[in-house]
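So for the sequence shown, UniProt numbering puts the first residue at 1; every next one is plus one.
Heads up, the beta-carbon is just placed ideally off N, CA and C, and yes, glycines get one too.
What follows is a single structure, written as C-alpha cells, with notes after it.
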Amino acid sequence: MLHTKALPTIGQEVLGLDLAGEIGEETRQRLVDIWRAAGVVLFRGVGTEPEALLKLSRCFGELEPHPIEALRLHGHDELILLTNQGGLRGPVYAFDGVPTYGRIPWHTDLAFQPVPNAGALLNMVHKAETGGSTAWLDTALAYDALDEGLKRRIDGLEARFAFCADLAQMKFGNPGGTRVGETKAAFPDYPPLARPLVWQHPITGAKILNLCPLNIQGIIGMDEAEGDALIRTLIDAVVQPRFIYQHDWQEGDVVLWDNYRMMHCAMGHPVDVLRIVHRSTLRGHATVGRVLAA
Ligand SMILES: [Fe+2]
C-alpha cells in the first residue's frame, strides 16, 4: 500500500510503491500530487536498472534528453550518466586540499534559460564511499518565512542570471575551492536572462523565489552595490538548515524534485572515489524571464 513518510525538515519519502508491474493512473496521479505538495520526494529500493528509473520518471511528465549526446547514457537517450568513471566530464576543485569532483553550489537547473525543466530524478547506481551527498532547498517555504518588509522590497524586482562554467565566475555564495587542471568542455554562448525574483509556481500558484546563487548576477535597474547587498541579504535568509534536506545516498535510491520551487546542490566527492548516477529530466513548459542583450 502506497504511503508517505516525512523526511527530516522538508520533503517526503514514498513507501510501498510496486514498480514491478504497471503503474495505474490512480497511483500515477497520487505520485504527482505528492511531488507537487512535497517539492522533493525520496524513493528507496528502486534498483539501478535504467528501465526502473524510466518507468518511475514517466509518471511525472515528458522526459527531455540532454542536448549534449555524449552525456546521455548509452542505449537510453532519455537518461543522463553522471560519473567520474572513464574520464571526467566537469571541473575539479580542491577543497581543504582534497581534489573534488562534482561540486555544484545552490542552483535551479537551467536558471540561465527562459524555459527551465519542470523537475528531475537522480538514481544512485554506485554511491561514493566518501562525500557525494546532494541537498535540496524549498524556496516556497523560504519565501513564506521572509519578513514582510523584505517581501515588499523584492516584489516586482527582476534579477539578472548568467551561465556559469567555473565557480570562479560566481558572484554570490561561492563555496571557495581552487580550480585543479583544465576542463575541455565547450559551452554555447548563453545570453544573460532577466527573471522576476518572486514568481508564482506555474502549477500550484505558490509564491517561489528565483535566487539561484550559482547564476545570479545583480538586480536590474538598481544601483549595483545596493542590489548586491539585497541579494546577499536574501541568500542569508533563504539558505538556512530549516529549509534544506540533505540526502545521504544508498544504492537504488531515487530522488525526484520540482525544479521550479526547489534549489539543489551537490557536495561533490574526492576525484579518485567512484560515483555513478543516472538522471532523467522532466521537460518544462513555463517561460520565466526574458533574454537580455549580451
Ligand atoms: Fe542541477
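- Only exposed fits Met1, as fewer than 16 other CB atoms lie within 10 angstroms of its CB.
- Membership of Asp258 in the beta strand (DSSP E) is indicated by the continuous run Val254 to Asp258.
- Taking 8 Å as the cut-off, the Cβ atoms of Ala194 and Gly289 count as close.
- Scanning its chain for C-beta atoms nearer than 7 Å, with the 5 sequence neighbours on each side dropped, one finds around Asn117 the residues Glu64, Asp109, Leu110, Asn259, Thr281, Leu282, Arg283 and Gly284, in chain order.
- Excluding the 5 residues flanking it on each side, Ala286 has same chain C-beta neighbours closer than 6 Å at Pro202, in chain order.
- Distance from the C-beta of His285 to the nearest heavy atom of ligand 1 is not below 7 Å.
- Of all alpha-carbon atoms in Ile220, Val239 and Thr204, the one lying nearest the alpha-carbon of Pro213 is that of Val239.
- In the DSSP assignment, Val32 falls within the unbroken alpha helix (DSSP H) covering Glu25 to Ala38.
- Under the rule that a run must span 3 or more residues, the beta strand (DSSP E) segments found entirely inside the stretch 144–211 read 158–161, 178–180, 193–196, 198–200 and 207–209.
- Per DSSP, reduced to three states, the secondary structure at Ile276 is strand.
- At a threshold of 7 Å, Asp109 counts as near ligand 1, since its beta carbon sits closer than that to one of the ligand's heavy atoms.
- In the DSSP assignment, no residue is bridged to Cys59.
- Boundaries of the beta strand (DSSP E) around Leu79: His76 to Thr83.
- Ligand 1 has a heavy atom closer than 7 Å to the beta-carbon of Ile104.
- DSSP places Asp138 in the uninterrupted beta strand (DSSP E) bounded by Thr134 to Asp138.
- Of the heavy atoms belonging to ligand 1, none sits nearer than 7 Å to the Cβ of His247.
- Pairwise C-beta distances place the stretch 28–47 in contact with the stretch 6–19, as three or more of them are shorter than 8 Å.
- In the structure shown, Leu141 adopts helical secondary structure according to DSSP, grouped into three states.
- DSSP places Gly119 within a strand segment (E or B) once states are collapsed to three.
- Distances between the C-beta of His269 and the heavy atoms of ligand 1 are all 7 Å or more.
- Annotation: the stretch 2–27 contains the following complete segments of the beta strand (DSSP E) (minimum length 3 residues), in chain order: 3–6 and 12–15.
- Annotation: the continuous alpha helix (DSSP H) that includes Ala229 extends over Glu224 to Val238.
- For His3, the shortest C-beta to heavy atom distance toward ligand 1 is 7 Å or greater.
- Relative to ligand 1, His264 has its C-beta within less than 7 Å of a heavy atom.
- The three-state secondary structure of Arg242, taken from DSSP, is helix.
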